[in-house]
Amino acid sequence: MPEDQWTGRGFPWEYDPGPPRNRSWPRLFAETPNYRALGQALTGREAFRWHFGPMFYRGRLSDGQAKVLIVGQEGAQDESLAHRSFTGGTGARMQHVLLHLGITRSYLFLNTFVYPIFGQYGSSLRALAQDLRSPVCRHRHEIFDYVAARNDLHLAIAVGNAAKESLATWVASHGGSADPRRLHNAEASAISPRLRMVGVVHPGAVRDTPISEITADFTAALRRIERWSQDDPSWLPADPDGARQPAGDYTYESAPIPFRDLPYGIAWRLGRGATSSNRSDDQTAIQVFSADGRSNNTGHQISYVGSTNGSKAGYVEDRGDLPYEPPRIEYRAFDRGPEARFARLLLGGEAAFPWPDFTTLGLLGHPSFGYGPIYRGRLDRPGLLAIVDQGSHDDLFTGRALSGDAGQHLQAFLRAAGVTERYAILRVLPVDTLEGDAARMRAAIDDPRTQALYAEVIRRARPGVLLAIGTDARRLLDRSDLGNTRVVNLRAFGQRSWKRSWQTALTELKSLRYSKDLSRPTFSYDGEREQIPRIDLPFGTLRWQGSSGDRAERARQSGRPSSNYYRLVMPEWTAELDPAPLSPAEQQAIDELT
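Residue numbers for the sequence shown, in the working numbering: 624 to 1217.
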């Protein structure tokens, strides 16, 4: 049952919609310095793992919601997939620390660098991280200062040496004194009146440091916090649903990441309480593994047989955007998730509308990946609501339905039909069904619970016209009570004569009434492709995602599809890019730093 995957995490319909659009967060994140070029200019090499972009935060960004700030060094591959900081192994260790303190919600995770680094933090990157002339340092301070301005911070925890130095530099920038080795003595009140700081060793040090020493270091920090709380019980109270434990009872453990910290539709493996992915192919791919898989597929002979080149056809960016980052210009263009009346329903969380047990029904998708990527678009009275067969495995990594090559072709079709925003897409079943057994698929579609859930979504959505795209979609709608809603049938992308089918559908749509965004649609389609609009994708999604064809693959094991391994591969045209040139201000900073 899906609940087995939720332990300690809340519910998957409790999600983080992304930074508030009416605050400066989206702009601040979009103003990220040119990490790649800065690192090369300062060190003479690629200093940052730039391929899967930055990860900015995890936790609370609304005003007054964060009283604890946790600062780390940088993220890793789980963070790259989730587009949130501290979601892998280190994040799970720090989540346990917060739970020990009774802090269940009122926290915010940030990092010294928003990009992962190659190797260990040391002298080659110290100037970039800590010199006040560095664009990276200045940008980080803008973010830290904004946290302090919008919240009443009481505690900051530095995780690792880079973070300790970063908090000390922050204090110094406000006129206070701070020693990274003794952050508990920092004059943090120079930043915020009740702010105190502690530092702990990075959990990654477990490779070189006995766990007993790491535990002792964490316990010492917790004892300081305990003493401060005893001296002033109002300083850092536990959250309403939290319970503080004695510092002496601390054990070096992990805790899973709450769903409310992560985007809607995310694969449930991410944030499970340990690392669930690994990099491969010279940084250009990240593989995620199921509960029955293994890191680096150790002991499992698997292969990936699809093409990974990708195509730039249909890709369009604003001047100043970078393909390996979220939008820099239209930085408020992201999907905040479905409305409350759909969020729980789509994931089978409403008692009257559960999903059937797909594992019992024999479907291929591994239950540990969850029920995420079922929708895309806007479900409130869409002009067109497309029910579609699964098109690729990209949805697992974007959290949104039909985001690969099939979806990019459908995007051009929707424009031809006159809708650029007034549409929604529902995938047939929220689990992986590609190359699955046809009889089992039919049984899952015909299950009364499946029928009831889709019928309820359609009833609440109140679409103008339904599109049934693919064999499974047609079967689903043929068995549904749709009232008077008109259904237009199309072949799935890539099926025989699919382009002719889509043009026939457009001819039919031309005579129907539904809400449109364009006053003069062409109603003409000949196989064009468009990128997925950024307003359809969660915050943090990279520009090359949803714009370069299929970017995800499922592994094969013994010649058969494996439900345990999937990988996301950046397009070749992006991997071959040189760094963007430094701005004049960034070049001046490098000249001063060197």
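Each residue gets a CB set at the ideal place from its N, CA and C atoms; glycine is no exception.
Which stretch, first to last residue, makes up the alpha helix (DSSP H) that contains residue i?
| i | result |
| --- | --- |
| residue 779 | Run containing residue 779: none in the alpha helix (DSSP H); it sits in the beta strand (DSSP E), 778–782. |
| residue 732 | Per DSSP, residue 732 belongs to no alpha helix (DSSP H); it is in the beta strand (DSSP E), 730–734. |
| residue 720 | 712–724 |
| residue 1050 | Looking at the DSSP string, residue 1050 is not in any alpha helix (DSSP H); the run it does join, the beta strand (DSSP E), is 1046–1050. |
| residue 651 | 648–653 |
| residue 1080 | 1071–1084 |
| residue 759 | 758–773 |
| residue 1032 | 1028–1039 |
| residue 1020 | 1017–1021 |
| residue 749 | 746–753 |
| residue 666 | 658–666 |
| residue 700 | 700–705 |
| residue 1196 | 1195–1198 |
| residue 1216 | 1207–1216 |
Taking 8 Å as the cut-off, decide whether the C-beta atoms of residue i and residue j are in contact.
| i | j | result |
| --- | --- | --- |
| residue 614 | residue 890 | No answer is possible for residue 614: the residues shown for the chain start at 624 and end at 1217. |
| residue 694 | residue 791 | no |
| residue 1197 | residue 833 | no |
| residue 779 | residue 798 | no |
| residue 1055 | residue 987 | yes |
| residue 1152 | residue 936 | yes |
| residue 1176 | residue 938 | no |
| residue 862 | residue 685 | no |
| residue 724 | residue 848 | yes |
| residue 892 | residue 913 | yes |
| residue 1081 | residue 665 | no |
| residue 1161 | residue 887 | yes |
| residue 979 | residue 1096 | no |
| residue 839 | residue 712 | no |
| residue 1174 | residue 960 | no |
| residue 639 | residue 970 | no |
| residue 1148 | residue 1075 | no |
| residue 1072 | residue 964 | no |
| residue 698 | residue 957 | no |
| residue 823 | residue 759 | no |
| residue 750 | residue 1200 | no |
| residue 774 | residue 718 | no |
| residue 1086 | residue 1025 | no |
| residue 1041 | residue 1144 | yes |
| residue 1205 | residue 661 | yes |
| residue 925 | residue 1188 | yes |
| residue 755 | residue 796 | yes |
If you compare alpha carbons, which of the options is closest to residue i?
| i | options | result |
| --- | --- | --- |
| residue 761 | 748, 1118, 865, 793 | 793 |
| residue 1010 | 1016, 1017, 1000 | 1000 |
| residue 804 | 789, 627, 645, 715 | 789 |
| residue 733 | 765, 1158, 801, 645 | 765 |
| residue 1093 | 881, 913, 811, 1014 | 1014 |
| residue 1164 | 707, 638, 643, 666 | 707 |
| residue 908 | 1217, 823, 673 | 673 |
| residue 767 | 705, 1216, 840, 647 | 647 |
| residue 705 | 644, 678, 944 | 678 |
| residue 825 | 852, 810, 714 | 714 |
| residue 997 | 635, 1032, 756, 629 | 635 |
| residue 1203 | 948, 1017, 990 | 948 |
| residue 1115 | 955, 1065, 916, 1050 | 1050 |
| residue 726 | 922, 841, 864 | 864 |
| residue 1004 | 1045, 983, 752 | 1045 |
Would you kindly report the start and end of the unbroken beta strand (DSSP E) that includes residue i?
| i | result |
| --- | --- |
| residue 822 | 819–823 |
| residue 1243 | Residue 1243 lies beyond the residue range present for the chain, which begins at 624 and ends at 1217; the question has no answer from this structure. |
| residue 695 | 691–695 |
| residue 910 | 908–912 |
| residue 900 | 900–903 |
| residue 1090 | 1088–1092 |
Under the assumption that residue i contacts residue j (Cβ atoms under 8 Å), give the Cβ distance between them as a whole number of angstroms.
| i | j | result |
| --- | --- | --- |
| residue 675 | residue 703 | 4 Å |
| residue 1158 | residue 1170 | Rounded, the Cβ-Cβ distance is 14 Å, inconsistent with contact. |
| residue 950 | residue 1166 | 7 Å |
| residue 1103 | residue 1137 | At roughly 19 Å, the Cβ-Cβ gap does not stay under 8 Å, so residue 1103 and residue 1137 are not in contact. |
| residue 1006 | residue 1122 | About 22 Å; that fails the 8 Å criterion. |
| residue 815 | residue 771 | 5 Å |
| residue 873 | residue 837 | No, residue 873 and residue 837 are not in contact; Cβ-Cβ is about 11 Å, not under 8 Å. |
| residue 655 | residue 737 | 6 Å |
Flag residue i as yes if its beta-carbon sits less than 8 Å from any beta-carbon of chain D, otherwise no.
| i | result |
| --- | --- |
| residue 852 | Among the chains of the structure shown, chain D does not appear; only one protein chain is present. |
What beta strand (DSSP E) runs, 3 residues minimum, are completely inside the region 1109–1174? 1109–1113
Alpha helix (DSSP H) runs contained entirely in the region 944–1008, provided each spans 4 or more residues: 963–969
Give, in chain order, every unbroken run of the alpha helix (DSSP H) that is at least 4 residues long and sits entirely within the region 823–879. 834–854
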